[in-house]
Amino acid sequence: MTETIVLPSPTALTERDIAPGLDLVAEINRLRRERNAVILAHYYQDGEIQDLADFVGDSLDLSRKAAATDAEVIVFCGVRFMGEVAKILSPAKTVLIPDAAAGCSLEESCQPAAFKAFRERHPDHLAVTYINCSAEIKALSDVIVTSSNAEAILRQLPADRPILFAPDRHLGAYLARKTGRAMTLWPGSCIIHEQFSEKELVKLKTRHPQALVAAHPECPEAVLAHADHVGSTRAILEFVLASDRQDFIIATEPHIIHQMAKAAPHKTFLPAPGADGGCSCSNCPFMALNTLEKIYLCLRNDAPALVVPEPLRRAALAPLERMLEMSRGLPMAGGSHGG
Ligand code: 13P
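When we follow this note's numbering, the leftmost residue of the sequence shown carries the number 3, and every step to the right adds one.
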């Protein structure tokens with residue numbers, strides 16, 4: 003099985019070819035109509051991209067949208083593995099990503115040869131793998147999970163089977179604590195969630211004693227210990243909107259605050275601090291590669307387009323379909339649409 007290929011366009015326009023003053027949003031709207039394209043965006047994208055998207059969601063809801071859309075073209079604004087999931091689930095569609103370099107530190111931490119050896123050292127274990135990984139890792143796994151369905155899926159697995167969990171050790175440890183299941187963890191972590199500082203969080207809480215803390219389970223245990231709510235990006239959003247409290251500290255990539263501020267402008271959302279006490283290092287550098295210019299160009303150029311070789315696609319599809327099947331009982335987001 004070879005890996006996913008990103009097709010460039012032979013006659014690609016570049017950012018230098020964009021006429022100064024071009025109304026990018028109007029052009030993107032024209033092109034998406036012409037191409038019958040849907041624009042999907044993760045909550046970690048820039049606010050202007052979230053506002054432009056047809057659908058904004060967490061990893062699970064975006065996968066479900068990609069599997070169900072009847073558009074001919076999917077423009078996936080997130081990181082590359084998310085577009086790859088869309089292509090695996092919807093192979094007949096053209097899947098475009100604004101920037102082929104939008105990777106993921108968790109994906110990087112888990113390379114196929116080492117993961118294969120990890121599985122071979124634990125032949126009786128089920129491999130439960132976080133969606134933040136490459137198609138090759140998915141193909142070597144039994145079931146894929148996201149942060150919003152992992153606990154529900156683990157609870158459906160036979161209690162007598164030991165579990166391998168990759169690649170996020172913090173999410174894995176959180177799930178082991180929640181479910182009481184023993185799990186052997188791959189030693190990966192997300193560079194963004196890893197850098198939140200417990201010490202600075204405690205200081206911020208002291209300054210805002212009324213604030214509730216909402217955290218993503220990719221955060222280290224010491225940070226999660228201070229959280230009033232732990233959940234996926236969508237669950238965090240739902241939590242702060244449903245709460246009757248006024249102030250919240252948000253321990254995940256801070257671009258999700260865009261949706262919070264739009265839906266509850268009277269509430270206050272404070273990004274959780276990193277070790278320097280600031281929050282600028284919490285911005286995901288991979289998510290930040292996507293821009294309106296690149297969305298316009300990918301629709302113009304029909305590139306970068308993802309191609310997943312069929313044997314790899316089929317092998318990665320099986321554990322992804324298992325995930326969707328085992329998530330059927332879980333509701334879809336109420337409609338965090340852009341625009
Ligand atoms: P969710 O979208 O499942 O909350 O996960 C966030 C994430 O890690 C995206 O890379």
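In this text, a Cβ means the ideal position worked out from N, Cα and C, and glycines have one as well. These numbers were taken from a predicted model, which means no experiment stands behind them.
Within the continuous alpha helix (DSSP H) that includes P114, where are the two ends?
That run of the alpha helix (DSSP H) goes P114 to R123.
Throw me the rounded Cβ distance for the L308 and V97 pair, which I believe falls under 8 Å.
With 8 Å as the limit, L308 and V97 qualify as a contact, their Cβ atoms being about 5 Å apart.
Using only the heavy atoms of the ligand 13P, determine whether one of them is closer than 7 Å to the beta carbon of V147.
For the ligand 13P, not one heavy atom lies less than 7 Å from the Cβ of V147.
How many Å lie between M328 and E74 at the Cα?
Rounded to whole angstroms, M328 to E74 spans 27 Å at the Cα level.
How would you call T16, buried or exposed, if buried means at least 16 neighbouring beta carbons within 10 angstroms?
T16 is exposed by the Cβ-count criterion.
Check this for me: beta carbons of L173 and A154, under 8 Å apart or not?
Not in contact: L173 and A154 (Cβ atoms no closer than 8 Å).
Would you say T254 and T235 are within 8 Å of each other, going by their C-beta atoms?
Result yes, Cβ atoms of T254 and T235 sit closer than 8 Å.
Contact between the region 100 to 119 and the region 132 to 140 is defined here as three or more beta-carbon pairs at a separation below 8 Å; is this criterion met?
Taking 8 Å as the limit for Cβ pairs, the verdict is that the region 132 to 140 does touch the region 100 to 119.
State the beta-bridge partners of L272 as determined by DSSP.
Partner(s): I251.
Please determine whether the Cβ atom of E220 lies at a distance below 7 Å from any heavy atom of the ligand 13P.
Result yes, Cβ under 7 Å from the ligand 13P.
Tell me which residues share the same chain as I259 and place their Cβ nearer than 8 Å to its Cβ, disregarding the 5 neighbours each side in the sequence.
Closer than 8 Å at Cβ, skipping near neighbours: I252, F271 and P273.
Please identify the residue among E5, S11, I7 and L319 whose C-alpha is closest to the C-alpha of D304.
Ranking E5, S11, I7 and L319 by Cα distance to D304 puts S11 first.
Using the beta-carbon count (16 or more within 10 Å), is V204 buried or exposed?
By the neighbour-count rule (16 or more Cβ atoms within 10 Å), V204 is not buried but exposed.
Using only alpha-carbon positions, find the residue among L214, A55 and D170 that is nearest to E196.
Here the closest residue by C-alpha is D170.
Comparing alpha-carbon positions, which option in G276, R66 and P313 lies nearest T6?
Here the closest residue by C-alpha is P313.
Of all the options A102, G331, E295 and M325, which has the alpha carbon lying nearest to the alpha carbon of G23?
Ranking the options by Cα distance to G23, first place goes to E295.
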